[in-house]
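This report concerns only the one structure given below.
2 protein chains.
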Amino acid sequence: MSNKDRQFRPVAVPDVRVGGFWGKWQDAVCDATAEILLDRCVEAGMLQALDVRRANPGIVIPIQPWGGTTQMFWDSDLAKSIETIAYSLYRKPNPQLEARADDIIDMYERLQDKDGYVNSWFQRVQPDRRWTNLRDHHELYCAGHLIEAAVAYFQATGKRKLLDVMCRFADYMIGKFGHGEGQIAGYCGHQEIELALVKLARVTGEKKYLELSKFFIDERGQEPHFFTEEAIRDGRSPKDYIQKTYEYSQSHEPVRRQKKVVGHAVRAMYMYSGMADLATEYRDDTLTTALETLWDDLTTKQMYVTGGIGPSAKNEGFTDYYDLPNDTAYAETCASVALVFWASRMLGRGPNRRFADIMEQALYNGALTGLSLTGKTFFYDNPLESTGKHHRWKWHNCPCCPPNIARLVASVGAYMYGVAADEIAVHLYGESTARLELGGSNVTLRQVTNYPWDGKVSIRLELKEPRQFALSLRIPEWAEGASLSVNGGRIDLGAVMLDGYARIEREWTDGAEVSLDLPLTLRPQYANPKVRQDAGRVALMRGPLVYCAEEVDNGGDLSAIVVPEHLPETKTSIMRDLEDAVAVELPVEREDTQNWGEALYRSKPAARHEAKLRLVPYHLWDNRAPGEMLVWLQAEKRGA
Amino acid sequence: MSNKDRQFRPVAVPDVRVGGFWGKWQDAVCDATAEILLDRCVEAGMLQALDVRRANPGIVIPIQPWGGTTQMFWDSDLAKSIETIAYSLYRKPNPQLEARADDIIDMYERLQDKDGYVNSWFQRVQPDRRWTNLRDHHELYCAGHLIEAAVAYFQATGKRKLLDVMCRFADYMIGKFGHGEGQIAGYCGHQEIELALVKLARVTGEKKYLELSKFFIDERGQEPHFFTEEAIRDGRSPKDYIQKTYEYSQSHEPVRRQKKVVGHAVRAMYMYSGMADLATEYRDDTLTTALETLWDDLTTKQMYVTGGIGPSAKNEGFTDYYDLPNDTAYAETCASVALVFWASRMLGRGPNRRFADIMEQALYNGALTGLSLTGKTFFYDNPLESTGKHHRWKWHNCPCCPPNIARLVASVGAYMYGVAADEIAVHLYGESTARLELGGSNVTLRQVTNYPWDGKVSIRLELKEPRQFALSLRIPEWAEGASLSVNGGRIDLGAVMLDGYARIEREWTDGAEVSLDLPLTLRPQYANPKVRQDAGRVALMRGPLVYCAEEVDNGGDLSAIVVPEHLPETKTSIMRDLEDAVAVELPVEREDTQNWGEALYRSKPAARHEAKLRLVPYHLWDNRAPGEMLVWLQAEKRGA
């Protein structure tokens, strides 16, 4: 059976309740982040634009050289904050916070034009500029985030007000966009609406929203180029485009012809997410084929070991193959979050660890590092090396990342499972209870585990009556020596593996127990030697987690640490000041910086001494004392 | 005898005629660069501002955020070009080029105000802004370069017109600057006038110019701060200073209190050069002490192995200690040229290889790389690693570097020798004939050598009658196993070394032969392990030359090359396509990029195969095919 014949439904967030590792993170979002997001959005003045009860928004903001201002997408910040609140309310009811969200939703309802249009900036600050510059103005992007918020808020609270507002807006768009007389045959410079419309279609059952999403995807990159014609219509010279190339927004050619991951990283990931959704919904192999090529392009030539992507701050995106600078890595939190989105959607046509392993890697490292343990501060860019000057922000001029990582954390349960007609896939492990609907009847899966600190996972199934179906459990590629048993009977993994999942098809009965053991040993990761920045260096991973060295544990001059090729025995320890995270200690050598002498250069290499190295999970760095941090450590090299 | 009791006079450029290595470079300047500089200056429109016969310069140029425009220092570009032409005329008469220089000098004479003021920008384009913004406007900087040009042109041609113009300007300055009523108690934001006034004093014998130079040096960094008061007077807010700190122009504190090399690299080097000149002229130990501290600060914590300095493009200058990124190195050609200036002036109080070794290192590497073999193209910034995108320019928006390296190359003979009352110092080796005046009588030194390709140097002395004096020959610190003989008799180096020079004090007679052998073996250079960018890497030098790997010789992926700790036997070869430069070949290992596999990361390091590495001198890179370049190669590391 080919995977591509199956369609895996996404799991609704309220259907999975997490505990353990992710439970703590979700508590931080519920207890701190959700409210902070709203506070900071309000402090930034977002409600001034939104609230029509204020006669004059009183906002005079200079347009930047790229053709807009970050304030133009305030709606997206509010939307992602509402989405985060929605998920948090499901976990922890909070009437006060809910009331604040309801107030904002009321404002959107009041703001909405009779024709269905909603955008606080282009109704209140620049009303004459509506739909004049799709390339730069983020109008459909904002709409997309509001749709995502509407779906989440509806699923979490049952309240449909925002969902109705956004359905009206989407209906308006259906009339506005197309090839007919007076319609706009265009698409947004910042993809997002595409995946949002799929969510809207799924929650409403309305295929028309899928069709609009498909229209945006199919139109993108066609010639004559929409952005060129639009610029001319708007009196702008297309040659003055500050990004210089439509690769920036992945509109340089039709999406099915794209083979290389280019441009702005978040835009790329959001587009691929929308494409993957459509590939699943329409069983569109032309999209799937394009996506698989792009997937390999990204993950075999352009991705940090953390699942960080987009090395350059200049275009917030991609540069050359194998160009992965560590100290200046942009690797925006949003981009790793969006890689998780894409990866999860690549599982829509069947479980495959080619996608799920990377989803997990990006989630635990490049994405999660964006949030502090307290849930109160945030990373925007995520270098893999710091001299001690990179720290978590309270807020950011372009506050896209804080609500993005918050909504991912708050909804992470939905990424753990996939459900098809006759199959449940477990993509991610973690303490959780999932109440899933499988072909009309309910199946509850209770995962008991201390994953990712420990590799032992026990899953108990609860179902009213015995049922024949397949349970597919991801066996990560890194999990050498993994073992699996069902009701105490050992499973021969070799016999049941399909695309990296142990697929156990049988009649399942209530109380069935699945036990999985994924050995977590510290393992070295070497980069393809074409990655010049990692030459002679090694990164260390344990399970899905990238580990790093911090100055607070190891002193400064971390580049003087040399890790032996054959890893010595390691010790793990529980870090009380990192909420019981598992640290790893191992003996290493260290170049002697004390007795080097005066000269900057000399003909003898540095002497070495034995030292102890303590590694902590990368996503937890800069949660204690400020200081140096390093992922790629010097690796011992031995001649042939 | 302490070195500091002696004063070493600079040697005038026409007194030394070079051949061999430097002769070829000077021929390139004479045959190509000198004229190109003038052509490009004219094309840029510089004469429009300068030539008062044009009623209207017709220049409307927007002021940049830093408070000026690069066009404000057009005079300095013309001046350095004239200086280069002056040196080139001495080597190769060129009536056409001389006539063009004379024309420009005539324009300066016509431009000069009755009061003596000369500046094409502030007389012709912004006459109302004269002396209103010394911090940013480069007025005294331009004056300094014109003085240097005037001195050079007078020494090379005997023509005094520009010298007279600049003496009048300097006399005007003496009245304009000071603490008296109506005087300006300030100094230039870009140092240069200080060292130029010393040159003027030496050529005219007028101590008043020294005094003005000393005034500028002594005033710098005093409180209340001149730049702050000037900004307020000029209606500018001192807080808006784009460079944020007066460290940028080394005016953050009085110069004698400065201990750390900070800010804009060229400004720093020019200031230290002026300070060193004054230290020599006034035998000012307070200046010398400050300079020695700054010298160590620069050379033991902030200098590339190439003698490149100033790693950051942001401030064209210094950042943190041990921060020496290779691929993004700014290391402006001008900064290494200026380091040569400073180093040579540190020899004014006696020969010392602590300064002369670095002078040679910066000259042959960080500076000389700025000029192509043809003399027709230029490097501005000088990374030590390139992915193949860094290439020589035909010209630059801020064309400071081309004439700077050109004038240094064309005058390099003057840096080879130093003369005191009873001592001749040979700082640099190279085929040359120097006609020196030693306490009233003439001594000619004829160096016969193929240095730096070969370490054998023979020096023949010519003098009318026998004379007692010291001949001091630098024995570079790297020259392990150096040997020296005089008239065939071996000298015991251990017995004659003073501050890194073999000091041979005796009665010298006509025809005396000095033979020096400086073994040139390829030697590894390791950086202090605090330099994170060089951790696990090695650079290779031969004599004063840094070598590098280029793609044209070695294929791409240069970071996959691994150099063994114990260097195997090397072969040298003559590179016909690099004007007979000496290349070095040695067996190395190379990580296998072909059979790595699909994954970007894996748990096994790359396999290695044996390979041959060809290294060429760094200063010659990008003279053949474009491609990757690397100085710091992966170094084999072995456990303790």
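Line by line, the protein sequences give chains A and B. Residue numbers are given in numbering that gives the first Met the number 0: position 284 of the first sequence equals residue 283, and the series is strictly consecutive. Residue numbers are given in numbering that gives the first Met the number 0: position 334 of the second sequence equals residue 333, and the series is strictly consecutive. Every residue gets a Cβ at the ideal spot worked out from N, C-alpha and C, and that includes glycine. Remember, it's a predicted structure, so these values are computed and weren't measured experimentally.
message = Please return the same chain residues whose Cβ sits closer than 8 Å to the Cβ of residue 580/A, not counting the five positions on each side in sequence.
response = Cβ-Cβ distances below 8 Å link residue 580/A to 452, 573, 574, 615, 616 and 619 in the same chain, with the five nearest sequence neighbours on each side left out; the list follows chain order.
request  = State the DSSP-derived secondary structure class of residue 399/B, mapped to helix, strand or coil.
outcome  = In this structure, residue 399/B counts as coil in the three-state DSSP scheme.
key: Inter-residue spacing [alpha-carbon to alpha-carbon] between residue 338/B and residue 355/B   = Distance from the CA atom of residue 338/B to the CA atom of residue 355/B, rounded to whole angstroms, is 11 Å.
Cross-chain neighbours of residue 599/A in chain B, by beta carbon under 7 Å = 298, 299, 300, 302, 526 and 527, listed in chain order.
query = Is the Cβ-Cβ distance between residue 136/A and residue 67/A less than 8 Å?
reply = Taking 8 Å as the Cβ cut-off, residue 136/A and residue 67/A qualify as a contacting pair.
ask   = Since residue 634/B meets chain A, which of its residues come closer than 9 Å, beta carbon to beta carbon?
value = The answer, in chain order, is 535, 604 and 636.
inquiry  = Against chain A, with Cβ distances strictly below 8 Å, would residue 228/B count as a contact?
reply    = Closer than 8 Å: no.
key: C-beta atoms of residue 605/B and residue 563/A nearer than 8 Å   = In this structure, residue 563/A does not lie closer than 8 Å to residue 605/B by Cβ.
query = Skipping 5 residues on each side, what residues in its chain have a beta carbon closer than 7 Å to that of residue 280/B?
reply = These residues qualify, in order along the chain: 197 and 209.
key: Contact under 8 Å by Cβ, residue 587/B with residue 610/B   = For residue 587/B and residue 610/B, yes; Cβs fall inside 8 Å.
message = Using beta carbons (cut-off 8 Å, strictly below), is residue 531/B in contact with chain A?
response = For residue 531/B, the answer is yes, since a Cβ of chain A falls inside 8 Å of its Cβ.
query = Is the distance from the Cβ of residue 474/A to the Cβ of residue 438/A below 8 Å?
reply = In this structure, residue 438/A does not lie closer than 8 Å to residue 474/A by Cβ.
key: Nearest neighbour of residue 164/A, chosen from 126/A, 194/A, 186/A and 116/A [CA to CA]   = Checked all of 126/A, 194/A, 186/A and 116/A; the closest Cα to residue 164/A is 116/A.
ask   = When the Cα of residue 296/A is compared with those of 11/A, 276/A, 282/A and 318/A, which residue comes out closest?
value = Ranked by Cα distance from residue 296/A, the first of 11/A, 276/A, 282/A and 318/A is 318/A.
query = How should residue 494/B be labelled, buried or exposed, when 16 other C-beta atoms within 10 angstroms of its C-beta is the threshold for buried?
reply = Counting the other Cβ atoms within 10 Å of the Cβ of residue 494/B gives fewer than 16, which makes it exposed.
request  = Determine the closest residue to residue 523/B out of 536/B, 628/B and 241/B, with distance taken between C-alpha atoms.
outcome  = 536/B is the residue among 536/B, 628/B and 241/B whose C-alpha sits nearest the C-alpha of residue 523/B.
key: 8 Å Cβ shell around residue 507/B - same chain, five flanking residues per side excluded   = In the same chain as residue 507/B, and ignoring 5 residues on each side of it, the C-beta atoms closer than 8 Å to its own belong to 442, 460, 462, 465, 466, 467, 468 and 470, in chain order.
ask   = Using DSSP with H/G/I as helix, E/B as strand and the rest coil, what is residue 415/A?
value = Reduced to three states, the DSSP call for residue 415/A is coil.
ask   = Whose C-alpha, out of 190/A, 310/A and 329/A, is nearest the C-alpha of residue 272/A?
value = Each of 190/A, 310/A and 329/A was checked against the Cα of residue 272/A, and the nearest Cα belongs to 190/A.
query = Which of the three DSSP states, helix, strand or coil, is assigned to residue 461/A?
reply = When DSSP states are grouped into helix, strand and coil, residue 461/A belongs to the strand group.
Residue-chain proximity (residue 559/B, chain A), Cβ-Cβ < 8 Å = At a cut-off of 8 Å between beta-carbon atoms, residue 559/B makes contact with chain A.
inquiry  = For chain A, check one thing: does any of its Cβ atoms lie closer than 8 Å to the Cβ of residue 631/B?
reply    = For residue 631/B, the answer is no, since every Cβ of chain A falls outside 8 Å of its Cβ.
request  = Return the chain-ordered list of same chain residues with a C-beta closer than 8 Å to the C-beta of residue 206/B, the five sequence neighbours on each side being excluded.
outcome  = Answer for residue 206/B: 200, listed in chain order.
CB contact flag (residue 369/A, residue 31/A, <8 Å) = Cβ atoms of residue 369/A and residue 31/A: not closer than 8 Å.
message = Give me the subset of the region 558-591 of chain A whose CB atoms are less than 8 Å from a CB atom of chain B, sorted by chain position.
response = Result list: 558, 559, 561, 563, 564, 588, 590 and 591.
request  = With 8 Å as the threshold, decide whether the Cβ of residue 620/B is near any Cβ in chain A.
outcome  = Not one beta carbon of chain A lies nearer than 8 Å to the beta carbon of residue 620/B.
query = At a CB-CB cut-off below 9 Å, which residues of chain A make contact with residue 421/B?
reply = Result: empty, since nearest Cβ-Cβ is about 32 Å, beyond 9 Å.
inquiry  = Between the alpha carbons of residue 40/B and residue 332/A, how many angstroms are there, rounded?
reply    = Taking the straight line from one Cα to the other gives about 48 Å.
key: Residue of 87/A, 624/A and 389/A minimising C-alpha distance to residue 13/A   = Taking only the C-alpha atoms, the option nearest residue 13/A is 87/A.
task = With 9 Å as the C-beta to C-beta threshold (strictly closer), list the residues of the region 503-528 of chain A near chain B in chain order.
result = Listed in sequence order: 522, 523, 524, 525, 526, 527 and 528.
inquiry  = To the nearest angstrom, how far is the alpha carbon of residue 147/A from that of residue 195/A?
reply    = In a straight line, the C-alpha of residue 147/A is about 6 Å away from that of residue 195/A.
inquiry  = Taking 8 Å as the threshold (beta carbon to beta carbon), is residue 639/B in contact with chain A?
reply    = Annotation note: pLDDT 40 at residue 639/B (below 50); position unreliable, coordinate value reported separately. Yes, residue 639/B counts as interfacial toward chain A.
key: Any C-beta of chain A under 8 Å from that of residue 556/B   = Taking 8 Å as the CB threshold, residue 556/B lines the interface with chain A.
task = Evaluate residue 401/B with the Cβ neighbour count: other Cβ atoms within 10 Å of its Cβ, from every protein chain shown; 16 or more gives buried, anything less gives exposed.
result = When all chains shown are included, residue 401/B counts as buried.
query = Which of the three DSSP states, helix, strand or coil, is assigned to residue 255/B?
reply = In the structure shown, the three-state DSSP call for residue 255/B is helix.
key: Under 7 Å (Cβ pairs) to chain A, residues found in the region 115-126 of chain B   = Legend: CB atoms of the region 115-126 of chain B lying less than 7 Å from CB atoms of chain A are not found in any residue.
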